[in-house]
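In our numbering, the protein residues as written are 0 to 310.
Accompanying notes for the structure given below.
The structure is reproduced here in structure tokens:
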């Protein structure tokens with residue numbers, strides 16, 4: 000049964016559970032629950048089918064408030080965050096400003112916009128230093144993101160995240176709650192909707208034309224487990240209210256991770272929106288790009304492109 004997140008975003012215990020047939024009992028399979036008859040089984044089958052034969056180690060959290068549906072896979076496993084932690088940085092900044100009853104300064108707004116819409120590393124580092132470890136940790140504790148461990152030594156891209164905690168964050172951004180004001184939530188969603196076209200890859204793949212997309216992605220390579228490639232997104236408006244987080248590592252290339260994420264996303268969007276028209280506007284780029292955070296022994300890099308030959 001899927002774990003329960005606060006704010007009523009997941010299913011009650013009465014929901015139907017569906018799992019893939021354990022043919023090769025080695026790797027865990029995605030499990031889904033739903034109050035919509037047949038949907039849990041279809042999602043589990045299609046998500047596991049999308050992952051079949053891929054080398055990526057993948058964590059997933061899908062939550063749809065409309066159909067009361069959720070899917071999880073390795074949702075408590077930790078991953079290096081890469082740039083997806085930038086949404087946490089912005090949320091912590093706004094939360095801290097709220098406590099003081101102040102608005103963001105012009106400099107903070109400029110850095111926040113660059114951090115989210117362009118994945119700017121320098122802006123992120125400046126805000127990370129401004130907040131400091133105590134405020135960041137206090138935000139995580141207050142948000143209930145207890146499995147998230149901030150990166151030490153200024154290496155915010157090495158923050159340890161889980162798909163479960165990313166869903167907690169998305170839930171607090173997309174529904175009224177006591178952590179973030181409506182104005183703060185709207186600001187975060189607005190910036191996530193304005194991500195530059197070269198970074199509109201990942202979870203938006205296959206999204207319906209009727210949904211408003213809010214996304215933040217990230218990638219990072221290390222000497223062990225290859226490329227970490229992640230995507231987290233919320234889909235709102237037009238009768239939609241769902242979130243998708245896909246975290247991956249053990250990718251030989253950036254493309255491997257992108258392909259895995261987009262295969263999962265297409266399966267989820269199709270099953271949740273079987274009759275929705277195809278999106279023609281806000282579509283995933285054919286030439287994905289992302290900033291690479293600094294790690295010990297290697298500086299940060301901006302605007303790193305993946306090979307355009309995506310499956």
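Just so it is clear, CB atoms sit at the ideal spot from N, CA and C, and this is done for glycine as well.
Just so you know, these numbers come straight off a predicted model, no measurement behind them.
Inset, instruction - Give every residue of the same chain whose Cβ lies closer than 7 Å to the Cβ of residue 220, excluding the five residues on either side of it in the sequence, and list them in chain order. - result: Listed in chain order, the non-local C-beta contacts of residue 220 below 7 Å within the same chain comprise 226, local neighbours out to five positions each way being set aside.
Inset, instruction - Tell me, please, which residues DSSP counts as bridged to residue 236. - result: For residue 236, which the question treats as bridged, DSSP gives the partners 239.
Inset, instruction - Report the residue ranges of all alpha helix (DSSP H) runs contained in full by the stretch 188–265; include only those spanning at least 4 residues, in chain order. - result: Listed in chain order, nothing qualifies, since the stretch 188–265 has no complete alpha helix (DSSP H) run of 4 or more residues.
Legend entry - Inter-residue Cα distance where the pair is residue 159 and residue 188: Distance between the alpha carbons of residue 159 and residue 188 is about 23 Å.
Legend entry - Alpha-carbon to alpha-carbon, residue 142 and residue 168: Rounded to whole angstroms, residue 168 to residue 142 spans 7 Å at the Cα level.
Inset, instruction - Quick one: measure Cβ to Cβ for residue 76 and residue 161, integer angstroms, because I've assumed they're closer than 8 Å. - result: Correct: roughly 6 Å between the Cβ atoms.
Inset, instruction - Could you have a look at residue 293 and say whether DSSP puts it in helix, strand or coil? - result: In this structure, DSSP gives residue 293 a state outside helix and strand, which the three-state scheme calls coil.
Inset, instruction - Would you kindly work out how many angstroms separate the C-alpha atoms of residue 250 and residue 99, rounded to a whole number? - result: In this model, residue 250 and residue 99 are separated by some 43 Å (Cα to Cα).
Legend entry - Assigned secondary structure, residue 165 (DSSP; H/G/I helix, E/B strand, else coil): Residue 165 sits in a helix when the DSSP states are folded into three classes.
Legend entry - Nonlocal neighbours in the same chain, by C-beta distance under 6 Å from residue 53, ignoring five residues either side: Spatial neighbours of residue 53 in its own chain (CB-CB distance under 6 Å, excluding positions within 5 residues in sequence) are listed in chain order as 259.
Legend entry - Backbone secondary structure at residue 117 - three-state DSSP: Annotated three-state conformation of residue 117 is coil, per DSSP.
Legend entry - One or two residues paired with residue 58 in a DSSP bridge: Residue 58 is bridged to 246.
Legend entry - Sub-8 Å separation of residue 183 and residue 93 beta-carbons: The Cβ atoms of residue 183 and residue 93 sit closer than 8 Å to each other.
Inset, instruction - Starting from residue 78, follow its DSSP beta bridges and name the residues at the other end. - result: Per the DSSP secondary-structure output, residue 78 pairs in a beta bridge with 160.
Legend entry - Closest by C-alpha distance to residue 72, when choosing among 81, 57, 290 and 79: Comparing Cα positions, the closest option is 57.
Legend entry - Candidates 38, 228 and 81, of which the one nearest residue 335 by Cα: Outside the modelled stretch of the chain, which goes from 0 to 310, sits residue 335, for which no answer is possible.
Legend entry - residue 193, buried or exposed, once every other Cβ within 10 Å from all chains shown has been counted against 16: By the neighbour-count rule (16 or more Cβ atoms within 10 Å), residue 193 is not buried but exposed.
Inset, instruction - Kindly indicate the opening and closing residues of the beta strand (DSSP E) around residue 69. - result: That run of the beta strand (DSSP E) goes 68–72.
Inset, instruction - Classify residue 300 as buried or exposed, calling it buried when 16 or more other Cβ atoms lie within 10 Å of its own Cβ. - result: Exposed: under 16 other Cβ atoms inside 10 Å.
Legend entry - Alpha carbon of residue 256 to alpha carbon of residue 229, nearest angstrom: When rounded, the distance between both Cα atoms is 8 Å.
Legend entry - residue 297 classed as buried or exposed, judged by whether at least 16 other C-beta atoms fall within 10 angstroms: Under this definition residue 297 is an exposed residue.
Inset, instruction - Could you tell me the boundaries of the beta strand (DSSP E) in which residue 301 lies? - result: Residues 300–304.
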